[in-house]
Every structure is written in C-alpha cells, then in structure tokens.
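Q: My structure is below; once you've seen it, I'll send some questions.
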Amino acid sequence: MGDPTTSTPEPWDYRERVQSSHPETVADRWGLDSVTNLADLGADTDGNQPIDDLLKQHADDGTLLYFPPGEYRIEDTVALNGATDTDAGPGRLGLLGDDATIVPAEGFDTVLLTVGYPDPLSSLLVRGFTFDFTAENTGARPISATANDLVVLRDLSVDGVVDVPQDVFRLDVTSPDGKGFVHRLSLPDGSTEPGVTGCEVGDDNHGDVTFLDCRIDGFPDNGLYADPPEGSIKVHGGSFRNNGVASVRITTSEPSEVRGVHVRCDDADAVGKNMRGIRLRGGHDHVVEDCLVEMLKVPSSDGAITIASELESATIRNCRIRVDADGVNALRVKQPNSGAGESVRHGPFGFENVRITGDAAGGAAVQASGRENCSFRGLCIHQPGDDRDGIVTTGVGGEVVDTCVSVTNEPLSFSNSTIERRNVRLSSTPDEKNCDDEGAYQPLGPLRP
C-alpha cells in the first residue's frame, strides 16, 4: 500500500488524490494498509442495530473503515484512536462513507465519534457521511477529530436542526507542522439552542487549518469559530447565513485569510444576537479578500466586517458589502482595549477597493476609533438611507484616497483625527452615478445549493 511518509497527500493536492470513491484506491492514496467493509462484518445497514462495538473492534492502525450505502445507528460515544500497539506511536485511520447516513439514538446530545482520543492519531481522513439529527431533542457533535499531522474532513453534512445544547464539529491538529482540511462541510439547518457553534478549531490546535467551500447556517454562537492558540486559518469560498456573534470568526497567532466567502444575514428573528459577518478577533496581518457580506435583516449587529479591539493589523480588499439593516456599520474598527500595546494601536489597517451599498438608515457606513495607520483606498460608498453617514473616525490617523462617498448625512466626520485626503469625491444626494463602479449592486442569489 505504500509508505505513509511518502504517500500521504501534499496539502494542496489532496483533493485530486481522493476523487475516487473506490475504497481500495482511497486507502492506497492515503497510505492506509487495509480496507474493512463494515457490512461484510455484519453491520446493520438499515439503522436498526447499533454498530458501536463493531467500530471499536475494527478501527485498527492503518485501516480504512468503509461504510457501504445505508443507515448506521450509533447509540453511545465511540472513541477511536487506531492504536493496536501502544509502542508503535500514533495511528492512521480513515472512515469512508458511500451514501452512508449515521443515525444517533433519539435524544442523543453528546459526541458521536471522538476520533484520536484519548491519544491523537497521526493522520485521519473522514469522508462522505450524512448525520441525521431530525429526531426531536436530538443533536450531537458528529465528530471530534484530533491528529498530530493531518486531519481531512470532506463531504460531511448534518440533516436536521440541533435542538439540544451541543456544539457540532470540532478538529484539532496538534503539531505546529500539521495540516487540517475541511472541504464541503454542510450544516444548513442550524440550531435553536443559544450558545451552539457550527464548527470550531479547538484549543489543542497548533497546525494550519483550511476550510474550503463550506456551508454553515443558523448557529447562535458563531458559524465558524476559528480561535486556536496557534496555527493559521484559511477560509476559501463557501457560504454562511444568519449566524450569531459571527459567521466567520478568526483569532490566530499566525496571519490568516478569508477569501471568496459569501455571508448573508437576513433574519431579524434568528436565535443569534449581534450578527457580525466576518469578525477578525485577534492576531495580525489577516486578509479578507473577494468576499460578499450582506446585512439585510438582523436582530442586532455591530458590523458586517469588524476589527476587534485586540487585533494588531489587517487588510480588507476587493469586497462588496450591502447593509440594509438600520444603524449597522459595513466596516467597524474598534477602539483598542485600555492598556493595549502599541502594535494594536498602530496597525496597519488597510481597506482597499471596497464597495458599500444598501438602504440602511442611521449610523455610518464606516466607523473607526483609536487606531493609527488606517488607509481607506478605492472605497465606493453609496447609501441613500435616511441620516446615514459615510466615514466616521475618532482618534484615528491615516488617509482616505481615491474614494467616493455618497450618503444623506455627513460624508466624512473626523474627530480628533489626522487623516490625509486625496482624490475624494463627496455627495449628500446619493445617486449610483456618484460612485465610479461597474454598476448597481447585484446579489449572488440563494445560498442553499
């Protein structure tokens, strides 16, 4: 089957290596030694009899557990770490579903599969499962995945609302040189319980984690909560809708990025409060690029894209933001906490080629406080709602360059701020033609695939 040190996929080509659904091919390309077909071992594929013991017995090091089409019942937490010999070091394990659905017992409200516990695996692949949480008062953490070197979660989905107080997916890559990839995770039905998060990068994570083309909707306490102690986070593509606190939250010690993401908040009665779109909570040199954030109807919100008080530096560029919700900022740069270091105050914070539209009344399109080195370049602000301000700053140093602001109240309001202006066009009678741009805002359409 090949030496796992040479056949484990490289970080950016792993998607090509696992296109096949043939279990022997997947095992070979992931450096796994054998395939165990659970149906051949007597697993009930109609979801009537539990497979808990069968999983525990056969999750051996170097094994790909293959789930043929069907439903599989799990009644209690199943802990798997692929260890057959404690002296052999961390194990390697794969779980491959082929149109496979995992059904917990009705009323289940804890972790279904804790993989890499009590000791982390070396590498883990989990692919091709639906978790059925449609029963009343049923919800779970489908997978808590922990490995030193590589975690790949691909083509995983949850059907049904999580109506118990249980966060959903979690992964931890424990080595600083390790990699994690979450590809096409789909959580469209959210949760009705306060404090529930869709997916989180855990406190034991020290590696770099990438999210690709994920869908997370309707979670009260963050959609994607990427707040590890170490490692970088990349969020590429995907859609996030009506998540409280933030749809995408980034707090990392290493520079991280959010690219090509679509966030929409359009439910004023949602469980989550303070619906931020993208929240950069802490760290430095983060990038948000080519994103669309729509704040249409919200219970409350302090911004579509927010720079938190602890953040040291960031760049927001080539983004579109629509704000129809009254009083909500499109861009919010918060005052540093008292006692914050000079790096938090001095940035830099760059905002480049950002288009801000929508009918929000009151408040300001851009609000910034207590920061130096704020650069607003190539902004186009067109907001015709009543009493709407453009760029409002307090105690800010920086520049506004090559920018047009078309609002109904104050286009620019700089208090105790030192800001250089170059090639800035202002209007208090908003009209689309006041902004040099490709034309009127066009939404991208429904988020649900």
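Take 1 as the starting number for the sequence shown in UniProt numbering and just add one per residue. All C-beta atoms, glycine included, are put in the ideal place defined by N, C-alpha and C. Here the structure is a predicted model, which is why all the values come from computation and not from measurement.
Go ahead and label Glu200 buried or exposed: buried means 16 or more other beta carbons lie within 10 angstroms of its beta carbon, across all protein chains shown.
A: buried
Q: Return helix, strand or coil for Val26, following the three-state DSSP convention.
A: helix
Q: Can you list, in chain order, the residues of its chain with a C-beta nearer than 6 Å to that of Asp227? Leave out the 5 residues immediately preceding and following it.
A: Thr251
Q: Under 7 Å Cβ to Cβ from Ser20, same chain only, skipping five residues before and after it: list those, please.
A: Val26
Q: When every heavy atom of the ligand MG is checked, does at least one fall within less than 7 Å of the C-beta of Pro228?
A: Only the bare structure without any ligand can be found here, which leaves the ligand MG out of the picture.
Q: Less than 8 Å separating the beta-carbons of Ile316 and Val293?
A: no
Q: Between which two residues does the beta strand (DSSP E) harbouring Leu153 extend?
A: Looking at the DSSP string, the run of the beta strand (DSSP E) that includes Leu153 is 141-159.
Q: What's the C-alpha gap between Thr101 and Pro188?
A: 16 Å
Q: Does the distance from the C-beta atom of Val405 to that of Ile391 stay below 8 Å?
A: Cβ distance < 8 Å, so Val405 and Ile391 count as in contact.
Q: Where Phe133 and Leu54 are concerned, what is the direct C-alpha to C-alpha distance, given to the nearest angstrom?
A: 22 Å
Q: Once you ignore the five residues that flank Val328 on each side, which residues in its own chain have a CB closer than 8 Å to its CB?
A: Met295, Val298, Ser301, Asp302, Gly303, Ala304, Ala360, Gly363
Q: Taking the C-alpha atoms as reference points, what is the distance between Gly282 and Glu24?
A: 43 Å
Q: Mapping the DSSP letters down to three states, classify residue 456 as helix, strand or coil.
A: The question about residue 456 has no answer here: the residues shown for the chain are numbered 1 through 449.
Q: Would you identify the three-state DSSP class for Ser21, choosing helix, strand or coil?
A: coil
Q: What is the residue span of the beta strand (DSSP E) that Leu96 lies within?
A: 92-104
Q: At the level of alpha carbons, what is the spacing between residue 479 and Pro384?
A: As shown, the chain starts at 1 and ends at 449. That puts residue 479 outside it, with no answer to give.
Q: Could you please give the first and the last residue of the uninterrupted beta strand (DSSP E) stretch that includes His206?
A: Segment: none, His206 is in no beta strand (DSSP E) and carries neither H nor E.
Q: Closer than 6 Å by C-beta to Trp12: which residues in its own chain qualify, once you throw out the five before and the five after it? Chain order, please.
A: In this predicted model, Trp12 has a pLDDT of only 44, less than 50, meaning its place in the structure is not dependable enough to derive any value.
Q: Can you tell me the Cα-Cα spacing of Pro336 and Glu310, whole angstroms?
A: 6 Å
Q: Assuming Gly347 and Ser313 form a contact by the criterion Cβ under 8 Å, report the distance between their Cβ atoms to the nearest whole angstrom.
A: 5 Å
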